[in-house]
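Enquirer: Sharing a structure here in structure tokens format.
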Amino acid sequence: MARIRLEQLRHTYRAKPAGDDDWALKRLDLAWEQGTASALLGPSGCGKTTLLNLISGLLRPTEGVVRFGERDVTALPPDARNIAQVFQFPVVYDTMTVYDNLAFPLRNRRVAPAEVDRRVREVAELLDLGPTLRHRAAGLTADGKQKISLGRGLVRSDVAAILFDEPLTVVDPHLKWRLRSKLKELHQKLGTTMIYVTHDQTEALTFADQVVVMDQGTVVQAGTPVELFERPRHTFVGHFIGSPGMNVLPATVEGTTVRFLGHPIELRPAPARPPPAGARLELGVRPEFVRLAADGIPVRIVRVSETGRHRIVEARHEDTPIKLLVGEGDPVPAEQAFLRFDPAHTQLYVDGWSAT
Amino acid sequence: MAFALHDVALRIAGEVHLHPTRLALAPRGFNVLLGPTLAGKTTLLRVLAGLVRPTAGAVLRDGADVTGVPVRKRRVAMVYQQFINYGHLSVFENVASPLRVAGAADAEVRRRVHRIAELLGLGPFLDRRPAELSGGQQQRVALARALVKDADLVLLDEPLANLDYKLREALRDELPRLFAGRECTVVYATTEPAEALLLGGHTATLDEGRVTQFGPSDEVYRRPVDLVTARTFSDPPINTAAVAKRGDRIELGRVASWPARGGLAALPDGPYVLGLRPHHVRIAGTAAGSGEDVVIAGKVSIAEISGSESVVHFALDGGTWVSQTHGVHRFDVGAEVRFRLEIARGLYFAPDGRRAGAEV
Amino acid sequence: MREPGALPELQPGPPEAGQAGGRPAPSAIRSEAPPRRAPADGRTPNARAWWLVAPVVALVAFNAIVPLMTVVNYSVQETFGDNVFFFEGMKWFREVLGSSRFHQALQRQLLFTGIILLIEVPLGVAIALAMPRRGFWASVCLVLMAMPLLIPWNVVGAMWNLLALPDIGLLGRTLNGMGFDYNYTRQPLAAWATMVGMDVWHWTSLVVLLAYAGLSAIPEAYYQAARIDGASSWAVFRHIQLPKMKRVLLIAVLLRFMDSFMIYTEPVVLTGGGPGNATTLLSIDLVKIALGQFDLGPGAAMSLVYFLIILLLSWIYYTVMTRDGGQ
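Chains A, B and C, in that order, give the protein sequences.
Count along the first sequence from 1, add 39, and you get the number used in our numbering.
Count along the second sequence from 1, add 87, and you get the number used in our numbering.
Count along the third sequence from 1, add 676, and you get the number used in our numbering.
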């Protein structure tokens, strides 16, 4: 199987869509190369699950074409598309054993019993489900059940892509870590295309090589985690990725000088051209790229919260809040301080979109 | 109001739901109950609320036994993981409901509802029905209802678990502010270590129906009394490895050894468990370390890059370790990489799980 | 959105997951975990609660226990009228259990219950599967299904009586017109067919509604996963729908078993137990003995045997069904 391509795709759940708001997914073109680990990231209702279901064939797009390689699969049902999907809530066949659960997709496709046995054991080995093969699937914990759902996808030798729809929602934090790493490991081992839908940026960024950030039915930015983190194209991406999100501060531009409430701010590279008059101007700088300094922007320290690895310091310049991260063990002044922004990681945004 | 559990235990049909627990909650502050699913967090909350009567011990309020006092006489508010609101009432009436039950005058109700709504950013939605709001707003309505009636004890049972990551972040940020200056004691149950730290206040770690430790959150985080507490309070999971003390040195298999300093020096020789959180295992050469650090080489099994951080899983001495390092560092699977263990931050546990040689 | 029935502060605990809006809560999974620390537990005892229950206890006592004791009393005594009773011990029980009349009635009863269960349960499930899951037509179907359940039992008997009359009834005339020799007042087979048809018409809806409720509770993700796994409709039914419906079907079979075992009004109105004794079921026979012949002792003994059979069969059925992986 080759790449997955969506061409001029558009989808609505309404019979007669009137305005733009009636489209759950506005027109988009997207492609995933064979073997990528990719994530669709966005808030609830941004259309990411709709997009996933269009790829798997659970939904038929209102407009546009879905291609796997050169083949047009728009009209094909899910089982003819060679995809596997793992849902938010684990789906296991309660009455069957773990073994029979894993064998189910193969038996449905009338694979020879010897082959079924071989594949099931192989996949069970891969997912550490070996010792539970004879157990009833209903008795497993949430993460065990999610592994079964995943296993039912992996067991098929012809599977072209595995789609995940917020698969870690019901899993406890420490197991979340283990299961997420397991997915990453599987991807490294098998090289299957994986597309992962989530609202959790940590999950998306650690899992994926390529992340598509969505909001209100459109793609805001697609790129590597590093690109999204260091050069967010839109303030929404800056806010949505990173914890805490990017500081978005009011800005003014005179000639080539960018100012934040009167203080000149150095940007590298500087904005390409002067912004149009009347546009909304903002500076974006992540808390990771704000530093305590001997001089610069004077602030009051309002609050310090601990995360274990570092502290989130909330400062205020006049009434504008600015957040910064301070490493474990580094000192934080009690009240007054000065801040500096890293010029290479500070960007000017014009009407929300990056101008640097 | 000071709340305390005096040797409270709960058994139901012969099964232990709560082992004998002694706990004095920090008055007028955040008390976080941290533990995995089924650790007994909800049970503890329900005992505090008076929804469940413990089979032994007493619930004390300002020193007085309130164990048998029914819920409605307790001035307790509770917020659940699910957004529970009255679907047929407006947001205003939802928030007003506890006051109406208490028989407050109309003007008083209006005044207090508006004040709380303002605080929670619900002002523009007071005329709407809860179903017309987003998940985050619905949970704000539930919170407003808990706040409006000036309860002595506010119990929050994983209130943010059903919200999107970013909404969770925003509301978590607001919560300590909302309760600041109030007279009530807050108990907040969560499965997420980061939440316990960010909310500040005190944390009780729970495991299988037992409170393993209670104290100021960062204190519990940095000085867990045992391995179970350290595990409960680590996300990503804490690295653990079998080490041995021999003479004045600690040995990690044949891989590395370092001098036993401070409280460790006095420990008897023998096997111990070393616990080292992933952010204390850094890729060598990324930042200045201290002279005590131990450098080892491991074989990369998974590499995850989250934009600002690199998380590298590697094999060392038969075990799997995780390193969390600031910055973007790419490695191929199978590569030999050198890691710097900030061993001075290590936690040592005796074979029975108790922490040994209390060192920072 | 979930609408709580009481103030949240007074609720006994967090609501069951799955009912909450948008995203069902993780506790949906929790409840499937080993029941070691399930949230169910002892409540705060409150003596006042007993006063609230007292009227119901009194009502049950007068309605069920007192009459039952009267029957027990009759069943061990003999009377020749004038309120004079003699103690007879187990005589009536021996007589009832040994009588071929009772055996035949019991056989007819078991046959009837067996036939209607075999028809109504699969038919009910099939109809529930065929019904639309949502939208306008779902409501229409539900109302149509509920209709037969709302008709009083004697009216059902009367309706079918008229419907099946061979000379003027729609069904009777049609069948005869089609060349079948059909007369339920004279042919035992025709009487049975009519009686079974009537019961199926009246009660299949109950199975449909229960099965439909079970089906509606299955999350969409199960169907989606099955489509991706390439499962056939039969496999979906066998591995998803049937297991998820198991509990409601258990209840449906139990209800239909008990109801059909106690059926009286409809067959009496339809056939009066005839032709001959062909459709004289246990309850009809009981009434004939106890009231028709006014044999109080044997009647009471038979009532108790009848009651115990129902209790025993229900208990066996329920125990067997729930023990077999009911958890």
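Virtual Cβ for every residue (Gly too), placed ideally from N, Cα, C.
Here the structure is a predicted model, which is why all the values come from computation and not from measurement.
#1: Along the chain, where does the alpha helix (DSSP H) that runs through A/D182 open and close?
#2: At least one CB of chain A closer than 7 Å to the CB of C/A900: is that the case?
#3: Short check: CB of B/C271 to CB of B/V241, under 7 Å?
#4: For B/R318, does the three-state DSSP call read helix, strand or coil?
#5: Would B/R441 pass as an interface residue toward chain A - the criterion being a Cβ-Cβ separation below 7 Å?
#6: Do C/A897 and A/V130 count as a contact pair if the criterion is CB distance below 7 Å?
#7: Residues in the region 386-407 of chain B with C-beta within 8 Å of chain A's C-beta atoms, listed in sequence order?
#8: Which term fits B/R369, buried or exposed, when burial requires 16 or more other beta carbons within 10 angstroms of its beta carbon?
#9: Is A/H356 close to chain B, meaning its C-beta is less than 7 Å from at least one C-beta of that chain?
#10: What are the boundary residues of the beta strand (DSSP E) that includes B/L131?
#11: Output yes or no for whether 7 Å exceeds the beta carbon distance between B/H93 and B/A136.
#12: Give me the residue from A/V259, A/A176 and A/G74 with the minimum Cα distance to A/L141.
#13: Closest by CA to B/V196, which one among B/G208, B/V182 and B/E205?
#14: Distance, Cα to Cα, B/L250 vs A/T241?
#15: Pick out the complete alpha helix (DSSP H) segments inside the region 155-222 of chain B, 4 residues or longer, and give them in chain order.
#16: How long is the line joining the alpha carbons of C/R849 and C/F856, rounded to whole angstroms?
#17: Just to confirm, is the Cβ distance from C/M978 to C/S959 under 7 Å?
#18: Return the first residue and the last residue of the alpha helix (DSSP H) that B/R432 is part of.
#19: On the DSSP bridge assignment, give the partners of A/R298 in chain order.
#20: Tell me which residue opens and which closes the alpha helix (DSSP H) that C/A804 is part of.
#21: Relative to the C-alpha of B/Y435, which residue among B/A317, B/P246, B/V420 and B/F426 is closest?
#22: Just to confirm before moving on: does the CB-CB distance between A/P212 and B/E279 stay below 7 Å?
#23: Compare the C-beta of A/L222 against all C-beta atoms of chain B and say whether one is closer than 7 Å.
#24: Tell me the DSSP secondary structure of A/H356 in three-state form.
#25: How would you call C/S908, buried or exposed, if buried means at least 16 neighbouring beta carbons within 10 angstroms?
#26: Along the beta strand (DSSP E) that carries B/L120, what are the first and last residues, could you check?
#27: Step through the CB atoms of chain B and report whether any lies within less than 7 Å of the CB of A/T208.
#28: Which residue from B/G350, B/V409, B/A328 and B/L265 puts its Cα closest to that of B/Y359?
#29: Going by CA-CA distance only, name the one from B/R162, B/K128 and B/I430 that's closest to B/T319.
#30: Leaving out five residues on either side along the sequence, give the residues of the same chain with a beta carbon under 8 Å from the beta carbon of A/P372.
#31: For B/T327, report the span of its beta strand (DSSP E) as first-last.
#32: What is the rounded straight-line gap between the Cα of B/E396 and the Cα of B/T108?
#33: So B/G144 is in the beta strand (DSSP E); what residue range does that whole segment cover?
#34: Under the assumption that C/G973 contacts C/Q753 (Cβ atoms under 8 Å), give the Cβ distance between them as a whole number of angstroms.
#35: Identify the contact partners of B/T124 in chain A, using a Cβ-Cβ distance below 7 Å as the criterion.
#36: Going by other Cβ atoms of all chains shown within 10 Å of its Cβ, with 16 needed for buried, is B/E391 buried or exposed?
Expert: The answer reads as follows:
#1: A181 to L193
#2: It should be pointed out that residue 900 of chain C corresponds to Gln in this sequence rather than to Ala. Chain A, which has a Cβ nearer than 7 Å to the Cβ of C/Q900, makes this yes.
#3: yes
#4: helix
#5: no
#6: yes
#7: Of all residues in the region 386-407 of chain B, only S388, I389, E391, I392, S393, G394, S395, V398 and H400 place a beta-carbon less than 8 Å from a beta-carbon of chain A.
#8: Here B/R369 is buried. Its C-beta has 16 or more other C-beta atoms within 10 Å.
#9: no
#10: Counting along the chain, B/L131 falls outside any beta strand (DSSP E), though it belongs to the alpha helix (DSSP H) covering K128 to A136.
#11: no
#12: A/A176
#13: B/V182
#14: Their backbone Cα atoms lie some 15 Å apart in a straight line.
#15: For the region 155-222 of chain B, whole alpha helix (DSSP H) runs of length 4 or above, ordered along the chain, are 178-188 and 193-206.
#16: 10 Å
#17: no
#18: No alpha helix (DSSP H) holds B/R432; DSSP gives it neither H nor E.
#19: Under DSSP, A/R298 shares a beta bridge with A/T291 and A/P303.
#20: S776 to A806
#21: B/A317
#22: yes
#23: no
#24: strand
#25: exposed
#26: For B/L120, the enclosing beta strand (DSSP E) starts and ends at F117 to L121.
#27: no
#28: B/A328
#29: When only C-alpha atoms are compared, the closest one is B/K128.
#30: L331 and I340
#31: N326 to R333
#32: 40 Å
#33: A143 to R148
#34: 6 Å
#35: D211
#36: buried
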